[in-house]
Amino acid sequence: MKVTNLTIKYKKKVILKNINLEITQSEIIGLVAPNGTGKTTLLRAISGLIQPQEGSVSIEGKTVHDDREAYYKKLYYVESNHTLYPNLNGMDHLSYVKSVWESSIDVEVVIRKLGISDYINKPIKKLSLGMKQHILLAMCIVSDADVILLDEPMNGLDPTSIRIISKYIEEMKKDDKIFIISSHILSNIDTITDKVLFLKDGNIVHSIDSKKNGESSENVYNKLYGMEEE
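Residue numbers (the working numbering): 265 to 494.
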């Protein structure tokens, strides 16, 4: 996956400026910054939901304009629980994803491993925030997409759920998956990721290798953003 000179403006404000990023192997990338600094905008641009004013995004050399359907099936974007249909249940959502992404993933295995069988058949509107987050993550697993974008996936989850989800993501990486995970919560970002990128003023201003003993995300975050509002 490659992001080249990506620039996005809203009215006269530059949200992202000349972003360049290339991921050539299975990796888990953390995208860190306070809220409102462009994390979601970058994920939406990669997903093809936002058209950049300049630059491009490609997966295996193809952009969304080359073959829209093929591009979308290469990735899965987990945005927020507001994208879930309140009157449908979790199984409805998983079945839909399996069909559209033409996935061979066993839905029942995913349900069992994530421990969501007790509420998989309940309407979304009756689920807690944490339960909805589990459904969203189950959907991304079922998609079996090559590139998975997760926007604040740990919001609303208890520590046990975070450990389960983190372990599952690490297992999926072994199947040549690329993950980009946005977060402003640093408690487990160094543990789960291979690399962490920091956004500021519309640019990637710093990166750290999470697997090497060195800088921690928390220390870098404090240096870059100080007391900025999260």
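Backbone N, C-alpha and C define an ideal beta-carbon position, used for all residues, glycine too.
I think M418 touches I380, with their Cβ atoms under 8 Å apart; what is that distance to the nearest whole Å?
The residue labelled residue 418 in the question sits at position 154 within the sequence shown. The residue labelled residue 380 in the question sits at position 116 within the sequence shown. Incorrect: roughly 16 Å between the Cβ atoms, too far for contact.
Which residue from V469, T268, D454 puts its Cα closest to that of S320?
Counting from one through the sequence shown, the residue named residue 320 turns up at place 56. When only C-alpha atoms are compared, the closest one is T268.
In angstroms, rounded to a whole number, what distance separates the CA positions of E372 and L393?
Taking the sequence shown and counting its residues from 1, one reaches residue 372 at position 108. Taking the sequence shown and counting its residues from 1, one reaches residue 393 at position 129. Rounded to the nearest angstrom, the two C-alpha atoms are 22 Å apart.
Among N284, K266, K276, D370, whose alpha-carbon lies nearest the alpha-carbon of L463?
In the sequence shown, residue 463 corresponds to position 199, counting from 1. Comparing Cα positions, the closest option is N284.
V411 to H357, Cα distance in whole Å?
Walking along the sequence shown from the start, residue 411 turns up at place 147. Walking along the sequence shown from the start, residue 357 turns up at place 93. So the two alpha carbons sit approximately 19 Å from each other.
How should N483 be labelled, buried or exposed, when 16 other C-beta atoms within 10 angstroms of its C-beta is the threshold for buried?
Residue 483 sits at position 219 when you count from the first residue of the sequence shown. It counts as exposed.
Does DSSP put K441 in a helix, in a strand, or in coil?
Along the sequence shown, read from residue 1 onward, the residue named residue 441 stands at position 177. Three-state result, K441: coil.
Check each candidate in I444, D440, I293, S480 and name the one with the smallest Cα separation from V342.
For the purposes of this step, residue 342 is taken as the residue at position 78 of the sequence shown. Comparing Cα-Cα distances from V342 to each of I444, D440, I293, S480, the minimum goes to I444.
Any chance the CB of S425 is under 7 Å from a heavy atom of the ligand SAM?
You won't find the ligand SAM in this model; it holds no ligand whatsoever.
Given K487 as reference, the closest of K273, V278, A297, T288 once Cα atoms are compared
Translated into positions along the sequence shown, residue 487 becomes position 223. Residue A297 is the option with its Cα nearest to K487.
Going by alpha carbons, who is nearest to L280 out of L421, G300, S367, Y335?
Counted from its first residue, the sequence shown places residue 280 at position 16. Cα-wise, what sits closest to L280 is G300.
Please report the distance separating the alpha-carbon of E435 from that of K276.
Against the sequence shown, residue 435 aligns to sequence position 171. Against the sequence shown, residue 276 aligns to sequence position 12. If you draw a straight line from the Cα of E435 to the Cα of K276, it is about 43 Å long.
Output needed for N353: all residues of its chain with C-beta closer than 8 Å, excluding positions within five of it in sequence on either side, in chain order.
One-based indexing of the sequence shown puts residue 353 at position 89. Here the set comprises I384, N385, K386, P387, I388.
How should M265 be labelled, buried or exposed, when 16 other C-beta atoms within 10 angstroms of its C-beta is the threshold for buried?
Walking along the sequence shown from the start, residue 265 turns up at place 1. It counts as buried.
Residues bridged to D415 [DSSP beta-bridge criterion]
One-based indexing of the sequence shown puts residue 415 at position 151. Per DSSP, S446.
Should V469 be labelled buried (16 or more other beta-carbon atoms within 10 Å of its own) or exposed?
Position 205 of the sequence shown, counted from the start, is the residue given in the question as residue 469. The residue is exposed, with fewer than 16 neighbouring Cβ atoms inside 10 Å.
How about A309 and L339: do their beta carbons lie closer than 8 Å?
On the sequence shown, residue 309 is found 45 positions in, with the first residue counted as 1. On the sequence shown, residue 339 is found 75 positions in, with the first residue counted as 1. No. Outside cutoff.
Whole angstroms is fine: what's the gap from D440's alpha carbon to Y349's?
Residue numbering aside, residue 440 sits at position 176 when the sequence shown is read from its first letter. Residue numbering aside, residue 349 sits at position 85 when the sequence shown is read from its first letter. Rounded to whole angstroms, the separation of the alpha carbons of Y349 and D440 is 30 Å.
Please name the residue, chosen from E366, L307, Q317, that lies closest to E416 on a Cα-to-Cα basis.
Mapped onto the sequence shown, residue 416 falls at position 152. Out of E366, L307, Q317, L307 has the C-alpha closest to the C-alpha of E416.
Who are the near neighbours of G478 in its chain, counting only those whose CB is closer than 8 Å to its CB and skipping five residues on each side?
Translated into the one-based positions of the sequence shown, residue 478 becomes position 214. Counting only Cβ-Cβ distances below 8 Å, and skipping sequence neighbours, we find I472.
Do L413 and Q397 have their beta-carbon atoms positioned less than 8 Å apart in this structure?
Along the sequence shown, read from residue 1 onward, the residue named residue 397 stands at position 133. Along the sequence shown, read from residue 1 onward, the residue named residue 413 stands at position 149. No, Cβ-Cβ distance for Q397 and L413 is not below 8 Å.
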